[in-house]
Each structure stands twice: as C-alpha cells, then as structure tokens.
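Each number in my numbering corresponds to the 1-based position in the sequence shown with 8 added.
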Amino acid sequence: MNDPAPSIPRHIAIIMDGNGRWAERRSLPRFAGHRAGVEAVREVVRACSALNVGVLTLFAFSSENWRRPRIEVTLLMRLFTSALAREAKRLHGANVRLRVIGGRAAFPARLQRAIADAEELTRSNTGLELVVAANYGGRWDIAEAARELARRVARGELAPDAIDEDLLGSALSLADLPEPDLFIRTGGEQRISNFLLWQLAYCELYFTDTLWPDFGVAALQQALGSFARRQRRFGRTGDQVNAGGSSMSLESAPLPDGTTDPDSSGVRASSA
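Written out as structure tokens, the structure is:
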C-alpha cells in the first residue's frame, strides 16, 4: 500500500448516525435507513481505499444498542449477517482486510460464524484495514484491557508497578493499529458516545448534520478538507509545529533573556 498524502489521515473513525431519521423523513420504516446505510459504508470504504487511508473504523452497533426495540435489534442482526456474507468477497477482491472488535459472544451463532469467515477470508490482505466495532463500548474496551493485565499479575507475569499508559494501551482492541487521526460523526449530534474513548485522546473531531445514508464521497472530502486545515500540536506550541517540531530539552531551552543557564538569568533557587 502506498503512503497517504500528508493531509490524509492514517486512521479515520466514524460514528454512522442518522439511519433512522433518514428513513423517517421519507416515511419509511427505520430498517430501510439501516439498509441504505450499508450502501454508504460501501461507498466510503471504496473512497478510503482509493485515498490510501490505512485504517477505517466504523461504529456499527454499540453495547448500548441492545436497549432498542427488540424487532429493530433482530433486524439489525440479520442485516449484519447478510451484509457480511454479501460483502466479504467484494472486500477481499479490493484487498481490504476486515476486523470486527467488540463482544461478539453476545451475537447469534450464525452472525458469529459470518464474522469469523469474513475475517479469515480477508486476513492476508494488505490494503485498507476495515475495523467494524460491534457490541463495542470504549469503557468495555478499557475494562477488558484492565482485566487482562490483572490476569497477568495474578499469574506472576507482571508486576503491578510496571503497569503504565503504554502497557494498558497495548491490551486494547486496536493496540496494533495507529490511533485515529480523524473522528467523524454524522447526523448532527456532537458527542463520542462511548466510542474508542482511549484512542480518541488526540484525535481531530468533525461533526456533520449529514445523515449517514447521505454521507458519500463529497461529504468525506469536506471532512478531509477540514482535517487538512487543522494544526495538530500534541502538546507543542504552534510555533514548534510550524518549525517542524522541537526535541529541545528543558536544560537547553533558551530563557526569556536568551541564555540557557537559570543562574545567569538572575533567577536563583533560595536555600532552605
């Protein structure tokens, strides 16, 4: 896979919101919106592949979505199963690798098999990595990572004092992938809804009123244009970013008077 242009995110994460409202505005059942949303997924996956985006993560079904009406949940499970069966070969032909994260044990057995089959079919592909978050929650992800580290401590493989941010991050669902650079939420809501809570720490957030079934290439390009105009600082100043960053240590950093020696600036530590 070729490297993306500097203005193209390595990893895009999307909350695909607005399927139900899209259907209601057309006097259609909510499920019609979910079916239309599958078409939008296909278009966005194709566009991200063409742009050499490395990873695309889609929030398909949250751990809170089980609270929806039973008939809607049942239809969503069927749609997920049929879409996987239908799209797996298409993804494989496009060199897309599929991965599903979340608590899949809660899904019907047929859906679990469809997930496993699609992942196996595309496992060796080297193009876009398509991650589908299903029965997923950011808090669940962090709790699962904490439980895994606790098990390692209990087995004597890990000292509790050795646990730090890097180690916890290494136990999360997407530990082997770059963290998202751009988060997109369609449908007008401006919240992250328990999605990739750890991984979105330094992500650029983009919210659009466009409903997910209407989110196509043009809408994606608008989001990418917004991303390209932003300055990502990661704790640095704007001047540092414009200068290409700085690895200067505190000891060698110039003080306001131009010196690097605190004592020579007239500022001295008082003795106790």
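Heads up, the beta-carbon is just placed ideally off N, CA and C, and yes, glycines get one too. Predicted, not measured: the structure shown is a model, and the values here were computed from it.
Taking each of Gln120, Ala102, Val81, Val104 in turn and checking the Cα distance to Gly110, the smallest one comes out for Gln120. When the beta-carbon positions are compared, Leu83 and Phe39 come within less than 8 angstroms of each other. Non-local beta-carbon contacts of Pro186 in its own chain, meaning distances under 6 angstroms to residues more than five positions away in sequence, involve Arg18, His19 in chain order. In this structure, DSSP gives Ser57 a helical state, which the three-state scheme calls helix. Counting along the chain, the unbroken alpha helix (DSSP H) around Asn27 starts and ends at 27-32. Scanning Ala151, Arg238, Ile16 for the CA closest to the CA of Leu204 turns up Ala151.
In the assembly as shown, Glu137 is a buried residue. Its beta-carbon has 16 or more other beta-carbons within 10 Å. The DSSP assignment places 137-144, 190-193 as complete runs of the beta strand (DSSP E) inside the region 117-193, in order along the chain (cut-off: 3 residues). Less than 8 angstroms divides the Cβ of Asp149 from the Cβ of Leu180. Between the alpha carbons of Ile79 and Ala21 lies a gap of roughly 28 angstroms.
Within 10 angstroms of the beta-carbon of Val225 lie fewer than 16 other beta-carbons, which makes it exposed. In the DSSP assignment, Leu66 falls within the beta strand (DSSP E) that extends over 63-70. Counting only the Cα atoms, Ser35 lies some 14 angstroms from His42.
Annotation: Phe115 is outside any alpha helix (DSSP H) and is labelled neither H nor E by DSSP.
CA-CA distance, Leu59 to Leu208, rounds to 22 angstroms. Contact annotation, Thr194 with Gly26: C-beta distance approximately 5 angstroms; criterion of less than 8 angstroms satisfied. Take the alpha-carbon of Tyr144 and the one of Ile123: they are about 15 angstroms apart.
When DSSP states are grouped into helix, strand and coil, Leu106 belongs to the strand group.
About 5 angstroms separates the beta carbon of Phe191 from that of Cys211, a gap short enough to meet the 8 angstroms contact definition. Contact between Thr130 and Arg94 does not hold, since the beta-carbon distance rounds to 14 angstroms and is not under 8 angstroms. Here Leu232 really is in contact with Ile16; their C-beta atoms are around 7 angstroms apart, less than 8 angstroms. Nearest to Arg33 by alpha-carbon distance, out of Val52, Ala227, Asp222, is Asp222. Listed as beta-bridge partners of His42 by DSSP are no residues whatsoever. Residue pairing of Glu212 in beta bridges, as defined by DSSP: Leu190.
Counted as a single uninterrupted DSSP element, the alpha helix (DSSP H) harbouring Ile79 occupies residues 78-101. If the five residues before and after Arg107 are omitted, its C-beta is found closer than 8 angstroms to the C-beta atoms of Glu127, Glu137, Leu138, Val139, Val140, all from its own chain and listed in chain order. Pairing Cys56 with Ala170, the inter-Cα distance amounts to about 38 angstroms.
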